[in-house]
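Undergrad:
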Amino acid sequence: MNYQKFYNHSIQNPEEFWMQQAQLLAWHKSPTKALGKDEHDYHNWFKDGELNLSYLCIDKHIEDGFGDQNAIIYDSPVTNTKTYITYNELKKEVEQLAGGIKSLGLEKGDTAIIYMPMIPQAVFAMLACARLGVIHSVVFGGFAPHELAIRIDDCKPKLILTATSGIEIDRIIPYKPFVDQAIEKCEHKPKHVVVFKRGFLTDVPLKSYDIDYKELVSTSQPADPVVVPSTHPLYILYTSGTTGKPKGIIRDSGGYAVALKFSMTYVYDVDPGEVFWAASDVGWVVGHSYIVYAPLINRNTTVLFEGKPIKTPDASTFWRVISEHNVKVMFTAPTAIRAIKKEDPDGNFIKSFNLSCLKYQFLAGERCDAATLNWTQQHLNIPVIDHWWQTESGWPMLANMAGLELMPVKPGSASVPVCGYNVAILNELGEEVEAGVEGYVAVKLPLPPGTLSNLWGNPERFKAGYLNKFPGYYFSGDGGYKDEDGYVFITGRVDDVINVAGHRLSTAEMEEVVASHTAVAECAVFGVHCDLKGQKPLALIVAKSETGKSSQHISNEVVTLVRKEIGAVAALREVLVVQRLPKTRSGKILRKLLRQIADDLEYNIPSTIDDIAIVDEIKSVYQQHQIGIHKNISHHE
Ligand code: COA
Ligand code: AMP
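845 is the number that this note's numbering gives to position 574 of the sequence shown; each next residue is one higher, with no gaps.
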């Protein structure tokens with residue numbers, strides 16, 4: 272099929288286009304109308320439709336005769352486990368757990384937090400919540416108790432589902448103790464904590480709110496799917512914004528299901544029955560959409576991988592998983608490829624596996640540099656497709672729609688707008704700019720189904736953050752440009768969000784934590800280039816005068832503090848003590864200038880700078896710590 276024709280239809284007549292796609296799902300009550308408005312005057316989809324996503328992901332396929340097909344392959348090199356879970360088995364696990372959750376008093380509209388490692392029980396928990404209409408919020412395991420506490424206080428769950436422990440390359444992650452610490456910190460106290468006991472860290476002291484997962488499941492009555500309206504929130508997923516407080520993205524049910532099913536066919540070119548693998552984590556949007564809901568709605572076999580691209584045990588793991596489980600389409604972050612490339616530059620591991628099953632390699636989560644794309648292309652010899660999306664969109668906004676028409680790949684570009692997304696590059700005044708000119712990446716409203724419906728408990732922030740900057744458009748927070756062929760090149764965030772190893776983090780949040788250290792007078796945290804992780808955070812601090820501590824000592828304490836408060840995933844390792852920070856005369860810290868100097872980019876020193884001598888001081892501190900190479904061209908504005 273022709274991309275342009277299909278795309279044009281989706282933009283010119285979105286209601287007809289998406290209604291046709293909606294008919295491919297087994298609704299409990301089919302929608303009669305596609306597009307509507309909610310109480311905040313924002314668009315919603317298929318308002319009078321009713322469905323249940325757990326039913327669509329499981330029961331429907333069993334009714335169609337596919338109960339014996341594998342739904343999930345759990346491959347865990349860190350525990351040396353491989354488990355194959357059929358749709359019949361998945362149903363049993365999910366309906367029993369849903370029955371257990373129901374017996375604890377949860378019902379449609381309640382919230383539950385899931386804080387679990389990459390084990391099948393995390394997927395069961397999501398689907399069990401969905402079965403009851405309970406809104407889940409999965410929190411990524413790399414976040415510390417403080418971050419978990421913020422999310423508990425925001426979405427006020429009646430229940431937390433967790434496991435005793437997770438496993439990183441070199442250590443055990445104490446999930447359950449982290450939950451206990453978080454509950455101690457927060458104002459809202461969840462009534463119950465359901466704990467799945469794994470083979471390690473079994474001696475965690477019991478709390479009065481604890482319930483054993485296995486006991487709960489073995490004694491409960493199976494629960495049937497609860498039908499919900501299309502607009503019912505399926506989940507809340509917190510993501511980093513431009514302040515210290517994360518934003519709870521709300522995802523609806525019906526629009527999401529329609530969009531995910533559509534994307535499996537037209538973006539990923541994967542048919543029911545085939546094996547799909549997104550090597551991400553259920554704590555991120557990629558995990559929600561492409562480890563759990565999309566492959567299961569589409570009756571694929573999804574791979575749940577508990578490991579890393581390297582060191583579990585080595586850089587061959589990805590290729591072993593692909594060939595062993597017959598993966599047709601794989602999705603990972605460019606960072607993972609860079610990590611593999613570093614350990615296996617000639618792709619020798621790739622050559623040692625039969626990868627004939629693999630038809631496409633998709634990359635997303637951060638900007639993909641041409642070298643990484645080309646290396647992957649050269650060694651896999653299949654289409655390598657960079658595509659762009661966000662937690663907010665829930666599914667791709669820019670992609671080479673492989674299931675529709677595979678177009679030429681242009682390294683550095685995530686290709687063209689996906690059906691439903693009318694992507695525009697705007698200037699500060701909200702006017703579309705010409706091809707080749709960089710601007711703000713925005714999407715003309717209405718967004719297609721499946722995208723965020725609001726922010727949990729904060730519709731004002733939703734409007735202020737996404738809709739007010741360019742009336743009539745959704746503002747993505749990214750910068751970029753289009754070329755003459757309509758390919759979009761994303762150049763990076765234009766706000767305080769950074770992307771470290773495909774993990775979205777807020778420098779504003781890190782700055783709040785750094786500033787809370789007793790020895791810190793003022794500070795700036797910003798993202799700088801990292802060969803492996805794409806970006807990494809760098810903190811500059813001005814120490815208070817009489818701390819009695821050495822600079823090294825303060826730096827170490829700040830690193831530990833950020834790790835303790837935000838979590839290991841923040842990956843802040845470099846904290847430099849400086850005498851002063853460059854500011855404008857009105858006192859605004861010149862973070863952009865600090866970043867540009869660190870990254871050896873061309874920069875302008877703003878004419879409003881308070882004291883130009885600070886620039887040389889900063890350069891010399893960078894040189895001392897080997898940050899950048901310092902061949903900048905500088906001149907005054
Ligand atoms: N639970 C607990 N801790 C976690 C975690 C989790 N789920 N995920 C990461 N961490 C920890 C890591 O152990 C690391 O701790 P350390 O500082 O003690 O080493 C820290 O958070 C930073 O993690 P990361 O930035 O991922 O670095 P890494 O060195 O552990 O791994 C890669 C590097 C490239 C192997 C890894 O980043 C990777 O696989 N990236 C792919 C990214 C991805 O899939 N992103 C999802 C979006 S599509
Ligand atoms: P997240 O919400 O965690 O998925 O992060 C979304 C952000 O990651 C986007 O706003 C982009 O800044 C970045 N991103 C994701 N995919 C790409 C891509 N293919 N190219 C460039 N940036 C990307």
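Glycine included, every Cβ here is placed at the ideal spot set by N, Cα and C.
Within 8 angstroms, do at least three Cβ pairs link the segment 329-339 to the segment 421-432?
TA: In short, these stretches do not touch, since the Cβ pair count stays below three.
Undergrad: Taking the alpha carbon of Lys598 as the reference point, which residue from Asp552, Gln632, Val546 has its own alpha carbon closest?
TA: Within the sequence shown, residue 598 is the residue found at index 327, counting from 1. Checking the sequence, you will find Val at residue 598 rather than Lys. With distances taken between Cα atoms, Val598 lies closest to Val546.
Undergrad: Could you have a look at Leu629 and say whether DSSP puts it in helix, strand or coil?
TA: Taking the sequence shown and counting its residues from 1, one reaches residue 629 at position 358. Correct three-state label for Leu629: coil.
Undergrad: Measuring only the C-alpha atoms, how far is His906 from Ile876?
TA: Within the sequence shown, the letter at position 635 stands for residue 906. Within the sequence shown, the letter at position 605 stands for residue 876. Low per-residue confidence applies at His906: pLDDT is 34, beneath 50, and the placement is therefore not dependable, though the value from the model is reported in the following sentence. So the alpha carbons of these two residues sit roughly 7 angstroms apart.
Undergrad: Can you determine whether any heavy atom of the ligand MN sits closer than 7 angstroms to the C-beta of Ala453, and answer yes or no?
TA: As for the ligand MN, it is missing from this structure, which binds only the ligand COA and the ligand AMP.
Undergrad: Is it buried or exposed for Glu663, if we count other Cβ within 10 angstroms and need 16 for buried?
TA: Your numbering for residue 663 matches position 392 in the sequence shown. Buried, since its Cβ has 16 or more Cβ neighbours within 10 Å.
Undergrad: Since Pro808 is in the alpha helix (DSSP H), which residue starts that stretch and which ends it?
TA: On the sequence shown, position 537 is the one that residue 808 refers to. It is not in any alpha helix (DSSP H) - Pro808 instead sits in the beta strand (DSSP E) that spans 805-814.
Undergrad: Mapping the DSSP letters down to three states, classify Gln291 as helix, strand or coil.
TA: Taking the first residue of the sequence shown as position 1, residue 291 is located at position 20. If DSSP states are grouped into helix, strand and coil, Gln291 belongs with the helices.
Undergrad: Between the C-alpha atoms of Ser281 and Pro682, what's the straight-line distance to the nearest angstrom?
TA: Numbered from 1 along the sequence shown, position 10 holds the residue referred to as residue 281. Numbered from 1 along the sequence shown, position 411 holds the residue referred to as residue 682. For Ser281 and Pro682, the distance between alpha carbons rounds to 26 angstroms.
Undergrad: Could you tell me which residues DSSP pairs with Thr573 in its beta bridges?
TA: Locating residue 573 in the sequence shown gives position 302, where the first residue counts as 1. Paired residues: Ile343, Phe547.
Undergrad: Whole-angstrom Cβ separation of Leu861 and Ile880, contact assumed at under 8 angstroms?
TA: Working through the sequence shown from its first residue, we reach residue 861 at position 590. Working through the sequence shown from its first residue, we reach residue 880 at position 609. Sure, about 7 angstroms apart at Cβ, within 8 angstroms.
Undergrad: I want to check one thing, is the minimum distance from the CB of Gln661 to the heavy atoms of the ligand AMP below 7 angstroms?
TA: Indexing the sequence shown from 1 puts residue 661 at position 390. Yes; taking the cut-off as 7 angstroms, the Cβ of Gln661 has a heavy atom of the ligand AMP nearer than that.
Undergrad: Near Lys447, which residues of its chain fall below 6 angstroms by C-beta distance, leaving aside the five closest residues on each side in sequence?
TA: Stepping through the sequence shown from its first residue, residue 447 is reached at position 176. Hits under 6 angstroms: Thr433, Thr435, Val466, Val475.
Undergrad: Assign Arg856 to buried or exposed, taking buried as 16 or more other Cβ atoms, counted over all protein chains shown, within 10 Å of its Cβ.
TA: Within the sequence shown, the letter at position 585 stands for residue 856. Flag for Arg856 reads exposed.
Undergrad: Three or more C-beta pairs closer than 8 angstroms, one from the segment 473-488 and one from the segment 500-514: is that the case here?
TA: The segment 473-488 vs the segment 500-514: no contact.
Undergrad: Using the DSSP secondary-structure output, state which residues sit across from Gly222 in a beta bridge.
TA: In the structure as shown, the chain begins at 272 and stops at 908. Residue 222 is therefore absent and cannot be evaluated.
Undergrad: Please check the pair Thr583 and Ile440, which I expect to be a contact at CB under 8 angstroms, by giving their CB distance rounded to whole angstroms.
TA: To locate residue 583, count along the sequence shown from 1; it is residue 312. To locate residue 440, count along the sequence shown from 1; it is residue 169. About 7 angstroms separates the two Cβ atoms, so the contact holds.
Undergrad: Alpha carbon to alpha carbon, how far is Ile868 from Tyr874? Give it in angstroms, no decimals.
TA: The count along the sequence shown starts at 1 and reaches residue 874 at position 603. The count along the sequence shown starts at 1 and reaches residue 868 at position 597. Distance between the alpha carbons of Tyr874 and Ile868 is about 7 angstroms.
Undergrad: Looking at the unbroken alpha helix (DSSP H) that takes in Leu424, where does it start and where does it end?
TA: By one-based count along the sequence shown, residue 424 stands at place 153. The question names Leu, but residue 424 is Asp in the sequence shown. 416-426 is the extent of the alpha helix (DSSP H) around Asp424.
Undergrad: From Val829, Phe277, Thr722, Gly743, pick the residue whose C-alpha is nearest to that of Leu700; which is it?
TA: As a working note, residue 700 is residue 429 in the sequence shown. Of the candidates Val829, Phe277, Thr722, Gly743, the one whose C-alpha sits nearest the C-alpha of Leu700 is Gly743.
Undergrad: Taking the alpha-carbon positions, what's the Gly376 to Val541 distance?
TA: Residue 376 sits at position 105 when you count from the first residue of the sequence shown. Residue 541 sits at position 270 when you count from the first residue of the sequence shown. The alpha-carbon atoms of Gly376 and Val541 are separated by roughly 39 angstroms.
Undergrad: Residues in the same chain with beta-carbon distance under 6 angstroms from His955, minus the five sequence neighbours each way, listed in chain order, please.
TA: Residue 955 is absent from the structure shown; the chain starts at 272 and stops at 908.
Undergrad: In three-state terms, what does DSSP make of Ser694?
TA: Numbered from its first residue, the sequence shown carries residue 694 at position 423. It should be pointed out that residue 694 corresponds to Val in this sequence rather than to Ser. Looking at Val694 - three-state DSSP - the assignment turns out to be strand.
Undergrad: According to DSSP, is Glu908 part of a helix, a strand, or is it coil?
TA: The sequence position of residue 908 within the sequence shown is 637, counting from 1. Legend: pLDDT at Glu908 = 31, less than 50; position of this residue unreliable, value from coordinates given subsequently. Here Glu908 sits in coil by DSSP.
Undergrad: Give the DSSP-derived three-state secondary structure of Asn273 in the structure shown.
TA: Locating residue 273 in the sequence shown gives position 2, counting from the first residue. The answer is coil: DSSP assigns Asn273 none of H, G, I, E or B.
Undergrad: What is the rounded straight-line gap between the Cα of Phe288 and the Cα of Ala305?
TA: Taking the sequence shown and counting its residues from 1, the one referred to as residue 288 is at position 17. Taking the sequence shown and counting its residues from 1, the one referred to as residue 305 is at position 34. Phe288 and Ala305: Cα-Cα distance of roughly 9 angstroms.
Undergrad: Which value, in whole angstroms, describes the spacing of the CA atoms of Ser534 and Gln661?
TA: The residue labelled residue 534 in the question sits at position 263 within the sequence shown. The residue labelled residue 661 in the question sits at position 390 within the sequence shown. One C-alpha to the other measures close to 15 angstroms.
Undergrad: Could you name the residues of the same chain whose beta carbon sits closer than 6 angstroms to that of Gly751, not counting the 5 residues immediately before and after it, in chain order?
TA: Counting from one through the sequence shown, the residue named residue 751 turns up at place 480. So the qualifying residues of the chain are Val712, Val759, Phe760, Ile761, Thr762.
Undergrad: Report the rounded CA-to-CA distance for Gly525 versus Tyr345, giving the unit in angstroms.
TA: On the sequence shown, residue 525 is found 254 positions in, with the first residue counted as 1. On the sequence shown, residue 345 is found 74 positions in, with the first residue counted as 1. The straight-line gap from Cα to Cα measures roughly 27 angstroms.
Undergrad: How big is the Cα-Cα spacing for His901 and Gln894?
TA: The residue given as residue 901 occupies position 630 in the sequence shown. The residue given as residue 894 occupies position 623 in the sequence shown. Reliability of the predicted coordinates at His901 is poor, the pLDDT of 42 falling under 50, and the value obtained from them is presented with this limitation in mind. Whole-angstrom Cα-Cα distance: 8 angstroms.
Undergrad: Would you say the beta carbon of Thr514 is closer than 7 angstroms to some non-hydrogen atom of the ligand AMP?
TA: The residue you call residue 514 lines up with position 243 of the sequence shown. No, the Cβ of Thr514 stays beyond 7 angstroms of every heavy atom of the ligand AMP.
Undergrad: Which class does Gly636 belong to by DSSP, given the choice of helix, strand or coil?
TA: As a working note, residue 636 is residue 365 in the sequence shown. Three-state DSSP puts Gly636 in coil, outside helix and strand.
Undergrad: Does DSSP classify Gly750 as helix, strand or coil?
TA: Working through the sequence shown from its first residue, we reach residue 750 at position 479. DSSP places Gly750 in strand when its eight states are reduced to three.
Undergrad: Under three-state DSSP, which class holds Lys447?
TA: Position 176 of the sequence shown, counted from the start, is the residue given in the question as residue 447. In this structure, Lys447 counts as helix in the three-state DSSP scheme.
Undergrad: Within the same chain, show all residues whose beta-carbon is closer than 7 angstroms to that of Leu531, passing over the 5 residues directly before and after it, in chain order.
TA: On the sequence shown, position 260 is the one that residue 531 refers to. Ser560, Tyr564, Ala565, Ile568, Trp666, Gly721, listed in sequence order.
Undergrad: Taking buried to mean at least 16 other C-beta atoms within 10 Å of its own C-beta, is Asp523 buried or exposed?
TA: Taking the sequence shown and counting its residues from 1, one reaches residue 523 at position 252. So Asp523 counts as buried.
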